[in-house]
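Asker: Got a structure here, written out as structure tokens. Questions coming.
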Amino acid sequence: MGANSYPQDVERGLFEGNPLADLIEGFCLTLEAGGELEAGPVVHVQLRPGVALSAVEADQLAKICQQGVQRQLDCHAGDFAAHPEQGPAANELAIAVHPYRSGPFADPAAIRNGYLLRDGS
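Going by our numbering, the sequence shown opens with residue 71, and the numbers climb by one from there.
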């Protein structure tokens, strides 16, 4: 994947038109190593304090967020457009939902403005 993904586009994709956006406290971006020496983007979504979701609810939120972010990137990031020769998963991004102050959000001082984490931590 050679696309440029900007935090502002991701943020709009997470919040605009998302009926569950009020559950989201913030987000950050990482790259996750995949097969064949490739890395793919992961959008980590932090839930608001006191919000607890079942696995089914978290999956629903992740799917809505993934669709919104994908739609936003498809509209605003020309180099994110699908390239058939690279296969259907070339620009696929993952969404990981985390309870408040867990996962990459466990150390609140580690993330400023909730944008990008290096080395997946």
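Beta carbons are placed, not taken as given, at the ideal position from N, Cα and C, and that holds for glycine. Since the structure is predicted, the reported quantities are computational estimates derived from the model, not experimental observations.
Per DSSP, what kind of secondary structure is G87 in: helix, strand or coil?
Answerer: Residue state, collapsed to three classes: coil.
Asker: Rounded to whole angstroms, how far is the Cβ of I165 from the Cβ of C145, which I believe are closer than 8 Å?
Answerer: About 18 Å separates the two Cβ atoms, so there is no contact after all.
Asker: I believe V167 touches A122 by the beta-carbon criterion, under 8 Å. Please report the beta-carbon distance rounded to the nearest angstrom.
Answerer: Their Cβ separation, rounded to whole angstroms, is 11 Å, which puts V167 and A122 out of contact at 8 Å.
Asker: Check whether the Cβ atoms of L99 and A91 lie closer than 9 Å to each other.
Answerer: No; because the gap between Cβ atoms is not below 9 Å, this pair is not in contact.
Asker: Write down the C-beta distance between V113 and V80 rounded to the nearest angstrom, noting that I regard them as a contact closer than 8 Å.
Answerer: Yes, V113 and V80 are in contact; Cβ-Cβ is about 6 Å, under 8 Å.
Asker: Whose C-alpha, out of E95, A179, P77, L163, is nearest the C-alpha of P119?
Answerer: Residue E95 is the option with its Cα nearest to P119.
Asker: By the three-class DSSP mapping on this structure, what secondary structure does E102 have?
Answerer: Residue state, collapsed to three classes: strand.
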